[in-house]
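From first to last, the protein sequence lines stand for chains D and Z.
Residue numbering for the first sequence is 1 to 404, as defined by the working numbering.
Residue numbering for the second sequence is 1001 to 1385, as defined by the working numbering.
Read through the structure below, which is laid out as structure tokens, and then see the notes.
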Amino acid sequence: MTAHAGALEGVRVIDFCWVGAGSFATKILADHGADVVKIESSAKVDGLRLSPPFAGRLPGVNRSGYFADRNSSKRSMALNLKSEDGRRLALELIRDADVVANNFTPGVMERFGLGPEVALGINPRIVYLSMSMQGSGGPHRHHIGYGSTMAAIAGLHDLTGESSRDPIGTGTNYPDHIPNPTHAAIAVLAAVRHSRRSGHGQAIDIAQVEPMVSALGAAILQSSLSGRPQHRRGNHHPTAAPHNVYRCAGEDRWIAIATMTDDHWSHLVVELGLRPPVAWASATERKAAEAELDGLVADAVARRDAVQLARALNARGVPAGVVSTAADLVDDPQLIAREHWQHLEHPEMGRTTYASPPFQLSATPGRLSRPAPLLGEHTIEAAEQFLGIGSDEAAELVRCGVLR
Amino acid sequence: MEIANERTHYCGKVLAGLGADVLLVEPPGGAPTRGAEPLDEASVGFAYTNAGKRSITLDLDDPGDVRMFRRILQQTDILLTGDVLPILKNRGLTYGELCQENESLVMVSITPFGLTGPLAASDAPDLVCLAQGGLLYLGGYADGAPIAPPQEQALFAGGSFGSVAALIALLHAEATGEGQLADVSLQQCVTMALENSVQFWELEQHVRQRTGGAQKNAGTGLFTTADGYVYVLAAGIGGNRFWPNLVRWMREEGVDGVDALEGDRWGDRDFIASDEAIKTFSSIFSVYVASRSKNEIYERSQHYRVPCAPVNTTSDVLQNEQLRFRGFFTEIELAPGTVAEAPGAPYLLSRTPWTGGLRAPNPGEHTSAVLAELAAWEHQTAGIA
């Protein structure tokens, strides 16, 4: 079997995305060989470039670790879309591209004269991805927000937390990291396939709230069936118990234990030396006595080492795992064995850590082909390559503020 | 073909929604996931993730049925499995064995830790994958235990990234004739959700903590309204682009104390994380929102271009006028006569629209139809040969 670097080699993406979800979607394509040219503005800089953490805690547009991890394998071209020449050059880029992507609020690309009708007019086979927060039509189409506010709109925030306390959400901008980048990539890949087979491109309209709601599908369906809202329930499971997180020895160390079967329970009892009521052999009885059960397990594990306890429980076939911190994960033996963390040399940040795609393809593994680009690092190179502009002309365009 | 498993169902749903003919392979008696809670007239989760698929009964522990499975595999583009390595080996269903039937086969394996590494043989449910992928640690109240996100997000992440992998591999197979194995690890999928936590540890030696119930920074967090909550991210991400909008909003509404929100210090990362800043913002904003409804705050915040949203319940989501306008919800039939609404198309494709099914198949509902198609296909292929 021949090893190819990436299955998407030869796919050119003109990427107007910025901040979180959009940039992550095109990163997935870039890590699998697509040539992703990130169109950036030096005047209105991508918010992630301004977002901590920074190498050495020193802010700078080329120093954000958050930006870096979301933009591996891409090139950066600084283009001033406020200028007529800048917009003309953007159209030239779109004319020969396979995919164009943006996550602006609706109307922004149209105001630049770069909307889907224009793009499909000059390039009928192009796949045109728009991924705004609320989609291109409807009463909320102009609303602004981020992952954490979308999580609130979509119902995720309310469903997370203890039933007796305020809702808390995931503590992150969750929709930006899983639901939206994946669903944007899925839609683009499906449309690229259709374009290859039929010669017809198409427009994709994603409202970022919607993949997030899709991730809560069973709760929404259940709510529709019952006519009532679904409630948050901490770490508890509808039927399995004990199913929770328990504090172990040490500073903020926790273990997750998920007793999915009666067998798991009987092995847990042995490992923890519990003396439970006989009735608790039945899952229904355990679920009914959940608070008491949680207290019993919590007492039994409080002085145990989380790593050793998880290993001992796994050896008995009981599902359990350490609640890993970011610091734990960079040393996690399974992730290291899977080469999950990649270390790339960045011109300003030095050697820094990037995440690999979370799946391994045997024939076309893909790779992080370069670290995150400096702002405008490839402006001249891309102008020469795609626009047929000589270096003198490019330099002139830089001077007059079109390429910047 | 999808060998029915809690880890494959969402991936199969995505492919079915794109128009694929997804054949759910179930053991005699039906897939165990048909019994997954919550149960209404049927498993709600099963109905949601399996609508629009066909079902065939095959006992993959029976050699005769495995032979039938391998015959169907010859005309299959994508195989989805959620079984850990020892089970694949016992059944003779590793990629190395199956690609001999069909060299352009794309096999997508979705397992807790992937098919390689020291945990390749380990099974683990959602909560454990969320723990070992690091997302669990970031959720929870600042003063309490880590709390997981709801609705089996590790499984959703695996199904979502599994769909991406399936399509990348399918494009390659259709271009070159070469199939491959896509080995998806739920643990790795979950780490994608860690935002900037790994980089915070690496670059600033800071382990990000749980902040639930507390404001992360001034202007970021949950506030109680007359009828629920709003979540606000007033400064935005990266710099404080929207902060002046917030100040204008508060000023035009005549809110007391708004002068305290003026000044360059509100753009300083260390200041906005300070107790002083958090208390100052909170004392002004919480009073303003407390007497108003969450939708009123939402409407005002968007008018002034401040990132802020109502904390919707699942019932609110079902009534959301924007989702209704877009025709987002689709009907799912749990049993004859029992129909309710669920999320529909997660993306609108102008030429190849999403195709959701009304209901999940009954166990083995399409077995005879599929076997008839197989016989016809084999007859035709033999004729060509």
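Glycine included, C-beta positions come from ideal geometry on N, C-alpha and C.
Quick caveat: nothing in here was measured; it's all calculated off a predicted structure.
Per DSSP, what kind of secondary structure is residue i in: helix, strand or coil?
{"i": "G1159 of chain Z", "result": "helix"}
{"i": "M131 of chain D", "result": "strand"}
{"i": "Y1231 of chain Z", "result": "strand"}
{"i": "H346 of chain D", "result": "strand"}
{"i": "F1223 of chain Z", "result": "strand"}
{"i": "L274 of chain D", "result": "coil"}
{"i": "Q1100 of chain Z", "result": "coil"}
{"i": "H142 of chain D", "result": "coil"}
{"i": "Q202 of chain D", "result": "strand"}
{"i": "W18 of chain D", "result": "coil"}
{"i": "R304 of chain D", "result": "coil"}
{"i": "V1309 of chain Z", "result": "The residue asked about is misnamed: residue 1309 of chain Z is Ala in this sequence, not Val. Here A1309 of chain Z sits in strand by DSSP."}
{"i": "W341 of chain D", "result": "strand"}
{"i": "S369 of chain D", "result": "coil"}
For a quick check, are the C-beta atoms of residue i and residue j less than 9 Å apart?
{"i": "S112 of chain D", "j": "S132 of chain D", "result": "A quick correction: the sequence has Phe, not Ser, at residue 112 of chain D. No, the Cβ-Cβ distance between F112 of chain D and S132 of chain D is not below 9 Å."}
{"i": "T1313 of chain Z", "j": "Q230 of chain D", "result": "yes"}
{"i": "V192 of chain D", "j": "V118 of chain D", "result": "no"}
{"i": "G1212 of chain Z", "j": "G171 of chain D", "result": "yes"}
{"i": "V45 of chain D", "j": "A30 of chain D", "result": "no"}
{"i": "L272 of chain D", "j": "A300 of chain D", "result": "yes"}
{"i": "M349 of chain D", "j": "P371 of chain D", "result": "yes"}
{"i": "V1370 of chain Z", "j": "R1054 of chain Z", "result": "yes"}
{"i": "M150 of chain D", "j": "V108 of chain D", "result": "no"}
{"i": "A1166 of chain Z", "j": "L1080 of chain Z", "result": "yes"}
{"i": "S23 of chain D", "j": "D15 of chain D", "result": "yes"}
{"i": "N71 of chain D", "j": "L48 of chain D", "result": "yes"}
{"i": "L50 of chain D", "j": "G1238 of chain Z", "result": "yes"}
{"i": "G155 of chain D", "j": "A21 of chain D", "result": "no"}
{"i": "S76 of chain D", "j": "L374 of chain D", "result": "yes"}
{"i": "A7 of chain D", "j": "G33 of chain D", "result": "yes"}
{"i": "P1343 of chain Z", "j": "S73 of chain D", "result": "no"}
{"i": "V297 of chain D", "j": "L274 of chain D", "result": "yes"}
{"i": "T26 of chain D", "j": "A78 of chain D", "result": "no"}
{"i": "V1025 of chain Z", "j": "A1051 of chain Z", "result": "no"}
Any beta carbon of chain Z sitting closer than 9 Å to that of residue i?
{"i": "D158 of chain D", "result": "yes"}
{"i": "D85 of chain D", "result": "no"}
{"i": "H267 of chain D", "result": "no"}
{"i": "N173 of chain D", "result": "yes"}
{"i": "A249 of chain D", "result": "no"}
{"i": "R304 of chain D", "result": "no"}
{"i": "G155 of chain D", "result": "yes"}
{"i": "F112 of chain D", "result": "no"}
{"i": "M150 of chain D", "result": "yes"}
{"i": "V209 of chain D", "result": "yes"}
{"i": "Q334 of chain D", "result": "yes"}
{"i": "S41 of chain D", "result": "no"}
{"i": "E292 of chain D", "result": "no"}
{"i": "A91 of chain D", "result": "Correcting the residue identity first, residue 91 of chain D is Leu in this sequence and not Ala. Cβ-Cβ to chain Z under 9 Å: no for L91 of chain D."}
Does the CB of residue i have a neighbour CB from chain D at under 9 Å?
{"i": "T1003 of chain Z", "result": "For the sequence presented, residue 1003 of chain Z should be read as Ile rather than Thr. No, because no Cβ of chain D sits closer than 9 Å to the Cβ of I1003 of chain Z."}
{"i": "A1193 of chain Z", "result": "yes"}
{"i": "P1118 of chain Z", "result": "yes"}
{"i": "S1197 of chain Z", "result": "yes"}
{"i": "Y1288 of chain Z", "result": "no"}
{"i": "S1185 of chain Z", "result": "yes"}
So if DSSP puts residue i in a beta bridge, which residue, or which two residues, is it bridged to?
{"i": "L93 of chain D", "result": "Paired residue(s): none; L93 of chain D is not in a bridge."}
{"i": "E1331 of chain Z", "result": "Z:E1341"}
{"i": "Q360 of chain D", "result": "Z:D1183"}
{"i": "A256 of chain D", "result": "D:V245 and D:G321"}
Task: Touch test, the stretch 1021–1041 of chain Z against the stretch 1171–1186 of chain Z, Cβ-Cβ under 8 Å, three pairs minimum - done: Cβ pair count under 8 Å is below three, so no.
Task: Stretch-stretch touch, CB-based, cutoff 8 Å, three pairs: the stretch 122–137 of chain D with the stretch 85–102 of chain D - done: In short, these stretches touch, since the Cβ pair count reaches three.
Task: Three-pair Cβ contact test at 8 Å for the stretch 1042–1054 of chain Z versus the stretch 1327–1338 of chain Z - done: Flag = yes, the stretch 1042–1054 of chain Z and the stretch 1327–1338 of chain Z touch.
- [ ] Would you check if the stretch 1308–1328 of chain Z and the stretch 219–228 of chain D touch, i.e. whether three or more CB-CB distances between them fall below 8 Å?
- [x] Yes, the stretch 219–228 of chain D is in contact with the stretch 1308–1328 of chain Z.
Task: Inter-stretch contact (C-beta, 8 Å, three-pair minimum) for the stretch 286–304 of chain D and the stretch 350–367 of chain D - done: By the C-beta criterion, the stretch 286–304 of chain D is judged not to be in contact with the stretch 350–367 of chain D, since fewer than 3 inter-stretch pairs fall below 8 Å.
Open item on the list: Is it the case that the stretch 1345–1352 of chain Z contacts the stretch 199–215 of chain D, given that we only count it when at least three CB pairs across the two stretches are under 8 Å?
Closed with: Result yes; three or more Cβ-Cβ pairs closer than 8 Å.
- [ ] Assess, as a yes-or-no matter, whether the stretch 1132–1148 of chain Z is touched by the stretch 374–389 of chain D under the definition of 3 or more beta carbon pairs within less than 8 Å.
- [x] Too few Cβ pairs lie closer than 8 Å, so no.
Open item on the list: I'd like to know if the stretch 1183–1198 of chain Z and the stretch 1104–1116 of chain Z are in contact, where contact means that at least 3 CB-CB pairs between them fall below 8 Å.
Closed with: Touching, yes.
Open item on the list: Could you check whether the stretch 1256–1268 of chain Z touches the stretch 1317–1328 of chain Z, counting it as contact only if at least three pairs of C-beta atoms, one from each stretch, sit closer than 8 Å?
Closed with: These segments do not touch.
- [ ] Pair every Cβ in the stretch 1115–1129 of chain Z with every Cβ in the stretch 309–328 of chain D, then say whether three or more of these pairs are closer than 8 Å.
- [x] Two segments are said to touch when three or more pairs of C-beta atoms, one from each, lie closer than 8 Å; by this definition the stretch 1115–1129 of chain Z touches the stretch 309–328 of chain D.
Task: Stretch pair the stretch 1238–1248 of chain Z + the stretch 1293–1308 of chain Z: three plus CB contacts closer than 8 Å - done: Using a Cβ-Cβ distance cut-off of 8 Å, the stretch 1238–1248 of chain Z and the stretch 1293–1308 of chain Z are in contact, since at least three pairs of beta carbons, one from each stretch, lie closer than that value.
- [ ] Report yes or no: do three or more beta-carbon pairs, one from the stretch 331–338 of chain D and one from the stretch 1183–1203 of chain Z, lie closer than 8 Å?
- [x] Touching, per the Cβ criterion.
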